[in-house]
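S.K.: Chains as they are written, first to last, in my numbering: chain P, 455 to 1006; chain L, 2 to 198.
Before anything else, here's the structure in question.
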């Protein structure tokens, strides 16, 4: 008897632990909403039945203890687990395999699964989006003032979501599972394409505000556009006075920002403090529409600067302006010259540190610039398939012209190479460091074999270096004016790889790497082969340095 | 004699039964605690997934193939499942499966062998793999490989090699000191604090 009990104890323990680990849970799935039947949580894993997955439109095949889950063209194969005498599918493992984010709510056993939006565009009356899971878009008009609203139910905005919004269109996370796009003004007869009531991607020509739509199309191959009666828009009259355009996002509380005060303004830094009535619901971001203009975007915030707007306090700031974008507040600082920016949170305030580049006498003449022609020798860099065009030759031609134009302005120039020779990556910034150069400029040509439609120029800076970002912005701003190619702006080299580019990492002075255009794009290639392009890039580098120095 | 031998049995049995009851009560208490305590309060260090036993790359019968998708210069990554061929190597299946989807990588630029030791993988490539790329291509290749290798829990870092010599760079990035893997669910390389255009 005693032996029998001793044998049973481990089994009892395992049964008890298993019972303790498993609990009923809730699944909140895109536009389907709450699903509670046969949903279990074990640790951080969520288990559901195959039937549950089929009910949300997924294909599931159970065979020999494994399940193959198909979502469109993607597939995940996972081992089934027996829970409460039923075979269950490990949903979190499936989602991880399919790269679909999921998160347990902090205070409940609810797993939120929303369709991450890959991209959203509204340009010239055309709305398009692409998401990782099917979503449910609807369109409606709201009065007072009139605006057209597209709600994408089941979707969530991600930090990686690519957004291009023109004509005053705004976007926000209206509800946890609803993304709202707001177009100011009335778009008469705007409808979504037939068959797009549930879709992963959509392209709809809505027409510009007060312009009639021309046609509609749906990019979903499984659900092509068909003839028939268009879906009538839902009209909501007498909407509340809180404008959906000004306040399209109901995600988190709105806090008040202001006043903006200056605590110091020295030769290298200026410190500003923006008082906040509470905690920001998300990280502030900034953008630089012009080299000397900084825009700080504060989520879920409204301004109360009193009569301060427009009358700057610190000497480094020419003017202060505010605006709203959806539920975000935008603080626009026009600076006396291009400066770097660091933002940090302090109790009850946002600290804004303006970093002033050291520019000496502010003249390009007399400055030492190292110009680096990328690649060389056995290292051809990017090439066309037949290798009739090589990056190393193009960069050398542009670098030589840049050096010539810099010298004409009185700058001293060192080129890392003047011929077709190989210089190791670490040696290139080494040349600049040993000569105590003022600037390091590396010239490159890009390539993107995954998408030969990629076009345009990018100026890279190193990781989060604020001063190098300023230099990159100054140069890219000038390149944009003259290159004849699209501008893709300034990028941190951390976006390419976590340690960045070797030549920028090694440089101990303001340094940038310019990717002039894409060699594998026919239009970029044609333009880059012209003398005018090479001259324009060289001239833009000179002008960008002058803007940085405050000379232009 | 018989009586003197049986006498101690009574208290001993009672002690065993008492211990047994206490044990059952203790287990019940543990089960109730686990049941009633939200999983998110359990420290990360104690969670099962952190301490789960790892499998060596040889034991994989299936791997995840990283699928790169480009929209202009922005690259994102999905993945799909694939079997490891009989007598095949999981690392090679994952690496070559990814590289097959990158048009800028020459078709014959294959991973030939892989050796994993002490968390470091050394992957031998055909000679044609060593060349330089534009930065967007280079980033796509490196980040795809980081993700492909991130599925192997016994690999923390890897080197790309040709004939036993580590490749220094594929164009602009210094990879001579090895490449750290990116685990599923972890963030991609850092980007700027500035909103990207």
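Every residue gets a Cβ at the ideal spot worked out from N, C-alpha and C, and that includes glycine.
1. Entirely within the stretch 817–862 of chain P and at least 4 residues each: give me those alpha helix (DSSP H) ranges in chain order.
2. Mapping the DSSP letters down to three states, classify residue 532(P) as helix, strand or coil.
3. What are the partner residues of residue 487(P), as DSSP defines its beta bridges?
4. Can you name the residues of chain P whose CB is closer than 8 Å to the CB of residue 139(L)?
5. According to DSSP, is residue 911(P) part of a helix, a strand, or is it coil?
6. Enumerate in chain order the residues of its own chain whose CB-to-CB distance from residue 512(P) is below 8 Å, with the five nearest sequence positions on each side excluded.
7. Mind pulling the chain P residues with CB within less than 7 Å of residue 81(L)?
8. When Cβ atoms are compared, which residues of the stretch 123–137 of chain L fall closer than 7 Å to chain P?
9. Out of 751(P), 520(P), 893(P), which one is the CA nearest neighbour of residue 536(P)?
10. Taking 8 Å as the threshold (beta carbon to beta carbon), is residue 175(L) in contact with chain P?
11. Is residue 982(P) helix, strand or coil when you go by DSSP?
12. When you compare the stretch 781–797 of chain P with the stretch 839–849 of chain P, are there three or more beta-carbon pairs, one atom per stretch, that lie closer than 8 Å?
13. Sorted by chain position, which residues of the same chain lie with C-beta nearer than 8 Å to residue 516(P)'s C-beta, five sequence neighbours on each side aside?
14. Tell me which same chain residues have a C-beta within less than 8 Å of the C-beta of residue 989(P), skipping the five on either side of it?
15. Find the residues of chain P that neighbour residue 143(L), judging by a C-beta separation of less than 7 Å, and give them in chain order.
16. Taking residue 76(L) as the query, report the chain P residues whose CB atoms sit under 9 Å from its CB, ordered along the chain.
17. Which chain L residues are close to residue 572(P), counting only those with a beta carbon under 8 Å from its beta carbon?
18. For residue 56(L), would you say it is in contact with chain P, using Cβ-to-Cβ distances shorter than 8 Å as the test?
19. Name the one or two DSSP bridge partners that residue 512(P) has.
20. Is residue 477(P) near the ligand PLP - that is, is its Cβ less than 7 Å away from at least one heavy atom of it?
21. Where DSSP assigns a beta bridge to residue 634(P), which residues make up the other side?
22. Can you name the start and end residues of the beta strand (DSSP E) that residue 120(L) belongs to?
23. Measuring straight from C-alpha to C-alpha, what distance separates residue 575(P) and residue 581(P)?
24. Would you say residue 901(P) and residue 138(L) are within 8 Å of each other, going by their C-beta atoms?
25. Might you give, ordered along the chain, the residues of its own chain that have their beta carbon closer than 6 Å to the beta carbon of residue 938(P), omitting 5 neighbours on each side?
26. By the three-class DSSP mapping on this structure, what secondary structure does residue 719(P) have?
27. Check the Cβ-Cβ distances between residue 955(P) and every residue of chain L, and say whether any is below 8 Å.
28. Please report the straight-line C-alpha distance between residue 813(P) and residue 656(P), rounded to a whole angstrom.
29. Could you check the C-alpha separation between residue 571(P) and residue 712(P) for me, to the nearest Å?
30. In the stretch 910–962 of chain P, which residue ranges form an unbroken alpha helix (DSSP H) of at least 4 residues, counting only runs that do not cross its ends?
31. Taking 8 Å as the threshold, find out whether the stretch 615–628 of chain P comes into contact with the stretch 491–506 of chain P through three or more Cβ pairs.
32. Could you name the residues that DSSP lists as bridge partners for residue 150(L)?
33. Counting contacts by CB-CB distance shorter than 8 Å, is residue 65(L) in contact with chain P?
34. Taking 8 Å as the CB-CB cut-off, is residue 167(L) touching chain P?
35. Given that residue 833(P) touches chain L, what residues does it touch there, using C-beta distances under 9 Å?
36. Tell me which residues share the same chain as residue 1006(P) and place their Cβ nearer than 8 Å to its Cβ, disregarding the 5 neighbours each side in the sequence.
M.R.: For this structure:
1. 845–862
2. strand
3. 483(P)
4. In chain order, 950, 951 make up the part of chain P whose C-beta sits under 8 Å from the C-beta of residue 139(L).
5. strand
6. Apart from sequence neighbours up to five positions away, the residues of its chain that approach residue 512(P) with a beta-carbon distance below 8 Å are 523, 524, 525, ordered along the chain.
7. Residues of chain P with a Cβ closer than 7 Å to the Cβ of residue 81(L) are, in chain order, 528, 529.
8. 133, 134, 135, 136, 137
9. Ranking 751(P), 520(P), 893(P) by Cα distance to residue 536(P) puts 520(P) first.
10. yes
11. helix
12. no
13. Excluding residues within five positions, the ones whose Cβ falls inside 8 Å are 504, 534, 541.
14. Only 855 meet the Cβ criterion.
15. 951
16. 902, 904, 905
17. 72, 77
18. Unreliable placement is indicated for residue 56(L), whose pLDDT of 42 sits below 50; no coordinate value is reported for it.
19. Beta-bridge annotation (DSSP): residue 512(P) is not paired with any residue.
20. Absence of the ligand PLP is noted for the structure shown, with no ligands found whatsoever.
21. 605(P), 626(P)
22. Careful: residue 120(L) lies outside any beta strand (DSSP E) and carries neither H nor E.
23. 6 Å
24. yes
25. 981
26. strand
27. yes
28. If I take the Cα positions, the gap works out to 50 Å.
29. One C-alpha to the other measures close to 33 Å.
30. 920–936, 956–960
31. no
32. Answer is none; residue 150(L) lacks a bridge partner.
33. yes
34. no
35. What residue 833(P) touches in chain L, judged by beta-carbon distance under 9 Å, is 132, 133, 170, 172, going in chain order.
36. For residue 1006(P), where only same-chain residues beyond five positions count, the Cβ hits under 8 Å are 997, 1000.
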